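One structure is given below, encoded as structure tokens.
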Amino acid sequence: MTSYTLRNASPAKTRADAVVVGVVQGAKGVELAAGGDDVAKAYGRKLRPLLATLGVAGKPGEVVKVPTSGVLSTPLLVLVGLGKEPTPAAVRRAAGAAARAVTNSASVAVALPADTAELVRAATEGWILGGYTFTAYKKDAKRETPGEVVVLSPAARRKEVGAAFEQAQLVAGAVAATRDWVNTPPGDLTPPAFADAVVAAGKELSKGRGAPKVKVTVRDEHELAELGCGGILGVGQGSAAPPRLVELTYAPRGAKQHLALVGKGITFDSGGLTIKPAASMHEMKSDMAGAAAVVQATFAIAALGLPIKVSTFVPMAENMVSGGAVRPGDVLTMYGGTTVEVLNTDAEGRLVLGDALLRATESQPDVILDVATLTGHMVVALGDKVAGVMGSDEVVEQVLAAGRSAGEELWPMPIPEGMDERIHSSKVADLAQHDWVRWGGGLFAAAFLREFTAGLPWAHLDIAGPAFASGGPTGHVTAGGTGFAVTTLVEYARAMSAGS
Ligand code: BES
Ligand code: MN
Ligand code: ZN
954 MTSYTLRNAS
964 PAKTRADAVV
974 VGVVQGAKGV
984 ELAAGGDDVA
994 KAYGRKLRPL
1004 LATLGVAGKP
1014 GEVVKVPTSG
1024 VLSTPLLVLV
1034 GLGKEPTPAA
1044 VRRAAGAAAR
1054 AVTNSASVAV
1064 ALPADTAELV
1074 RAATEGWILG
1084 GYTFTAYKKD
1094 AKRETPGEVV
1104 VLSPAARRKE
1114 VGAAFEQAQL
1124 VAGAVAATRD
1134 WVNTPPGDLT
1144 PPAFADAVVA
1154 AGKELSKGRG
1164 APKVKVTVRD
1174 EHELAELGCG
1184 GILGVGQGSA
1194 APPRLVELTY
1204 APRGAKQHLA
1214 LVGKGITFDS
1224 GGLTIKPAAS
1234 MHEMKSDMAG
1244 AAAVVQATFA
1254 IAALGLPIKV
1264 STFVPMAENM
1274 VSGGAVRPGD
1284 VLTMYGGTTV
1294 EVLNTDAEGR
1304 LVLGDALLRA
1314 TESQPDVILD
1324 VATLTGHMVV
1334 ALGDKVAGVM
1344 GSDEVVEQVL
1354 AAGRSAGEEL
1364 WPMPIPEGMD
1374 ERIHSSKVAD
1384 LAQHDWVRWG
1394 GGLFAAAFLR
1404 EFTAGLPWAH
1414 LDIAGPAFAS
1424 GGPTGHVTAG
1434 GTGFAVTTLV
1444 EYARAMSAGS
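Note that the working numbering has the sequence shown beginning at 954, numbered continuously upward.
Shown next, in the form of structure tokens:
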């Protein structure tokens, strides 16, 4: 376990094995960023030629290690690029890259720009998340992490800065827990196992006096049948592992606002009979990333003690191929009675979400947010780092604002009028789950989900791109599950509970 402390101290004099300092591409060339002034002073005129010799360019994510030979109290100086401006996003990213570079140091001082609460938060979150690893399935996992990390800030004694530092650790922990769930092999995280894991995590959180209380209810396949959740049951019927619906409630006394969260929890998406191509099917273990994110965001909101009620609905199913699997042409009766013709078993997310969304409306929330790895169309449109946001204009705006303050990239997408005709094109049922028109599939999906929102203020976050990093790490975002949306949801709840 790593211990984190926040301190107002000079990076040139702090005792540690390594000190991390930012490099910016300033008007007069490459220079050390705020936070590293004492280091610049200690090197004096030798600094410029040193940076030039090492070829330090200050590019975002660039990391250069320098032995200090007695110039500083630390034997190692780690220079990390911030680009042109040390924005919170740049600091978060740089801290993440640096965390991966100093695995052999027992103690580290982080001296990045950190004179505001926002920057301290970015440096802390970035550091913790950039150093994240998933080693549960490695035989010889012996990765070294520093035992002690000191974040240096000239504002360390300010109350709101100290609070931001504590909260950053808590939220980063929720993001890391989301990544763990996403990275867990699908055979080990079936719907029943996932539901059990949520129950266990909820118990852990609510343990002890004064701990936040989050109520967790698991509905099994029998209860789902009684409720008439035909979407969740239909998608899950091809799997040997039965589906679940997990419902969480955090209801602090005096809460005036009520937020409902819904997350897609397909623990593995083979596509079903409309089977997926082989090459990247293994990545479909990440199809429960929305579920993991809303659960961990709920826990984080509770742990932060935000004065807002949160009701969270998580449909969990495994989309498999078998003699009992749902067929194209089958009609499912959703929770609430709407019938849906299945035309593509790989468009399963909307089926489980339809049931869960309608249940969410019954808790009478002020706003509903759903988070889902819903469509490849959104990845084609926005790439693999940006989520699409659709729904009620006002809620979409609020989600985008929350994303900006959380340091996550989201972009608005429309639900064009023409989609209504397409989702009502079934000849046998109330709704068509799919059509074979190639264009606008992500928007079709959103229009379909909207049918189950009872006209309440709502936004849908399609995180199919940013939920999982297929390549290598970038900044604080490590390979595999990314934990995308957790910080945005927490920021959304924070803003909503503050009445802004
Ligand atoms: N889980 C997938 C979407 C997905 C694709 C997530 C790529 C992450 C990366 C979803 O269930 C799916 O298969 N969607 C289909 C929808 C289509 C059949 C309308 C898709 O994107 O092709
Ligand atoms: Mn699918
Ligand atoms: Zn899916």
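C-beta: ideal position from N, C-alpha, C; glycine also. Since this is a predicted model, take the numbers as computed values, not measurements.
message: For His-1330 and Asp-1415, what's the separation of their Cα atoms in angstroms?
response: 10 Å
- request: Assign His-1387 to buried or exposed, taking buried as 16 or more other Cβ atoms, counted over all protein chains shown, within 10 Å of its Cβ.
  value: buried
message: Given this structure, state the Cα-to-Cα distance separating Ala-1253 from Ser-963, to the nearest angstrom.
response: 33 Å
query: Which of the three DSSP states, helix, strand or coil, is assigned to Ala-1154?
result: helix
- prompt: If we ignore side chains and look at the alpha-carbon of each, how far apart do Met-1269 and Ala-1005 end up?
  reply: So the alpha carbons of these two residues sit roughly 54 Å apart.
query: Taking the alpha helix (DSSP H) that Pro-1002 falls in, what are its first and last residues?
result: 1000-1007
message: One question on the structure: do Ser-1345 and Trp-1411 come within less than 9 Å of each other, judged by their Cβ atoms?
response: yes
- prompt: Applying the criterion that 16 or more other CB atoms from any shown protein chain within 10 Å of the CB defines a buried residue, is Ala-1231 buried or exposed?
  reply: exposed
Ala-968 in three-state terms, based on DSSP: The sequence shown places Arg at residue 968, rather than the Ala named in the question. Here Arg-968 sits in coil by DSSP.
query: Which residues count as close to the ligand ZN when the rule is a CB under 5 Å from any of its heavy atoms, in chain order?
result: Ile-1219, Asp-1222, Asp-1240, Gly-1302
- prompt: How many angstroms separate the CA atom of Pro-1028 from the CA atom of Pro-1039?
  reply: 25 Å
field: Anticipated Cβ contact below 8 Å, Thr-914 with Ala-1359, distance rounded
entry: Missing from the structure shown is residue 914; the chain here goes from 954 to 1453 and no further.
message: Quick check on the DSSP output: what are the complete alpha helix (DSSP H) runs of length 4 or more inside the segment 1022-1078, in order along the chain?
response: 1041-1054
Span separating the alpha-carbon of Ala-1309 from that of Gly-1276: When the Cα atoms are used, Ala-1309 and Gly-1276 turn out to be separated by approximately 26 Å.
- prompt: Would you report the Cα separation of Val-1151 and Gly-997, rounded to the nearest angstrom?
  reply: 54 Å
query: Do Lys-1229 and the ligand BES come close, with the Cβ less than 8 Å from some heavy atom?
result: yes
- prompt: Can you tell me the Cα-Cα spacing of Ser-1316 and Ser-1026, whole angstroms?
  reply: Linking Ser-1316 to Ser-1026 through their CA atoms gives a straight-line distance of about 58 Å.
query: the ligand MN heavy atoms versus the CB of Asp-1299: any closer than 8 Å?
result: With a threshold of 8 Å, the Cβ atom of Asp-1299 counts as near the ligand MN, since some heavy atom of the ligand is closer than that.
- prompt: In terms of residue numbering, what span does the alpha helix (DSSP H) encompassing Lys-1262 cover?
  reply: Note, Lys-1262: premise wrong, no alpha helix (DSSP H); beta strand (DSSP E) at 1262-1272.
- request: For Thr-1056, count neighbouring Cβ atoms within 10 angstroms of its own Cβ and tell me buried if that reaches 16, exposed if not.
  value: Exposed is the call here.
message: Quick check: Ala-1125 and Thr-1077, are their CB atoms within less than 9 Å of each other?
response: yes
- prompt: Relative to the ligand BES, is the shortest distance from any of its heavy atoms to the C-beta of Asn-1136 smaller than 8 Å?
  reply: no
message: Any heavy atom of the ligand MN closer than 8 Å to the beta-carbon of Gly-1184?
response: no
message: Tell me which residues share the same chain as Asn-1297 and place their Cβ nearer than 6 Å to its Cβ, disregarding the 5 neighbours each side in the sequence.
response: Thr-1227, His-1387
- prompt: Between the segment 1278-1292 and the segment 1325-1342, do three or more beta carbon pairs fall short of 8 Å?
  reply: no
- prompt: Is it the case that the Cβ atoms of Ala-1255 and Val-1171 are separated by a distance below 9 Å?
  reply: no
message: Is any non-hydrogen atom of the ligand BES found closer than 8 Å to the C-beta of His-1330, if you look at the structure I gave you?
response: Within the cutoff, so yes.
- prompt: How many angstroms separate the CA atom of Ala-993 from the CA atom of Val-1430?
  reply: 29 Å
Cα-Cα separation, Arg-960 to Ile-1368: 49 Å
message: Can you list, in chain order, the residues of its chain with a C-beta nearer than 7 Å to that of Val-1381? Leave out the 5 residues immediately preceding and following it.
response: Val-1284, Glu-1294
message: Any heavy atom of the ligand MN inside 8 Å of the beta-carbon of Gly-1224?
response: Yes, the Cβ of Gly-1224 comes within 8 Å of a heavy atom of the ligand MN.
- request: List the DSSP bridge partners of Glu-1471.
  value: For the chain, the structure presents residues 954 to 1453; residue 1471 sits outside this window and is missing.
query: Going along the chain, which residues of its own chain have a beta-carbon closer than 7 Å to the beta-carbon of Ser-1106, five neighbours each way excluded?
result: Excluding positions up to five away in sequence, the list reads Leu-959, Asn-961, Ala-1067, Asp-1068, Val-1073, Val-1114.
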